[in-house]
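**Student:**
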Amino acid sequence: MPSYFRQVPDFEYVSRLPDARISDYINVKNLFKKGKLREDIFQNLSYFTKYKVRGDDRPDNVAFEIYGDATLDWIVLLSNNILNIQTEWPLPQSRFDEFLLNKYGDYNTLYNGIHHYESPEIKNTQDVVIVAKGLQVESNFSINYYDAGLERNITQTNIAVPVTNYEYELKIEDDKRNIYLLKPQYLNIVYDDMEELMTYKKGSTQYKSETLKRADNIRLYE
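The numbering of the sequence shown is this note's numbering, which starts it at 1 and goes up by one.
(1) Where does Asp-147 sit, in a helix, a strand or coil, going by DSSP?
(2) State whether the region 7-18 contacts the region 27-47, with contact taken as three or more CB pairs (one from each stretch) at a distance under 8 Å.
(3) On the three-pair Cβ rule with 8 Å, is the region 134-146 touching the region 156-163?
(4) For the alpha helix (DSSP H) that Ser-79 lies in, which residues bound it at each end?
(5) Looking at Glu-173: is its Cβ nearer than 8 Å to the Cβ of Leu-72?
(6) Would you list, in sequence order, the uninterrupted alpha helix (DSSP H) runs of no fewer than 4 residues that lie entirely inside the region 1-26?
(7) CA-CA distance, Tyr-107 and Leu-101?
(8) Ignoring anything shorter than 3 residues or poking outside the region 133-205, list the beta strand (DSSP E) runs there in chain order.
(9) Which one of Trp-74, Val-131, Glu-169 has the shortest CA to CA distance from His-116?
(10) When we look at the beta-carbon of Tyr-146 and count the other beta-carbons within 10 Å, is it buried (16 or more) or exposed?
(11) Based on Cα-Cα distance, which residue from Gly-35, Arg-16, Leu-37 lies nearest to Asn-27?
(12) Flag this pair as touching only if the region 43-58 and the region 176-183 have three or more C-beta atom pairs under 8 Å; answer yes or no.
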């Protein structure tokens, strides 16, 4: 299967090069043609398998491992609706470290600075969750509840758990590592859909072929 951009059809665009004639065109990729998974596939988890990105792996590394073809990195990205790999894919460790220092300025602020506080999980004696773990709360968070098993009120004070800047950022980064991958047996369905999506249809005045359209030359009327 060819790489994603080899499937994107071309568009003849009026040349804006300094030495171009008024009738000159250049071929560019039509980036307005965007690939996507069909909704009936994208919304159905049975087509996918869970995967955790390891270390500094890139989408092409994952594609090679799962599909045996590094050029299918676009399948990895489409499966997770990733549009901006710079912000939506886990950073290499060196870049992550650089990002953290640029954001927080020094190691002390990064590792010791408190970003926010979260609740611990609190259950009564009947194993019923009173407070869920991980809710963002005030630093002096306290709770009072009636425990039917003990037949009395329970008060717990100052039970907020501090979350450092580093812990906060690491969780965000780790969450990016939990992705879904289209199962290999469904690749042919996506290939057929992409071919259909990327093919120009006759009928438009700009149509030249199934893989090429020509833009209107407004320079001729300027």
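Every residue, glycine too, gets a C-beta built ideally from N, C-alpha and C.
**Tutor:** The short version:
(1) strand
(2) yes
(3) The region 134-146 makes contact with the region 156-163, as at least three CB pairs between them are under 8 Å.
(4) 73-79
(5) no
(6) 4-7
(7) The alpha-carbon atoms of Tyr-107 and Leu-101 are separated by roughly 7 Å.
(8) Listed in chain order, they are 143-147, 152-156, 161-164, 178-182.
(9) Glu-169
(10) It is exposed - the Cβ of Tyr-146 has fewer than 16 other Cβ atoms within 10 Å.
(11) Relative to the Cα of Asn-27, the nearest Cα in the group Gly-35, Arg-16, Leu-37 belongs to Arg-16.
(12) yes
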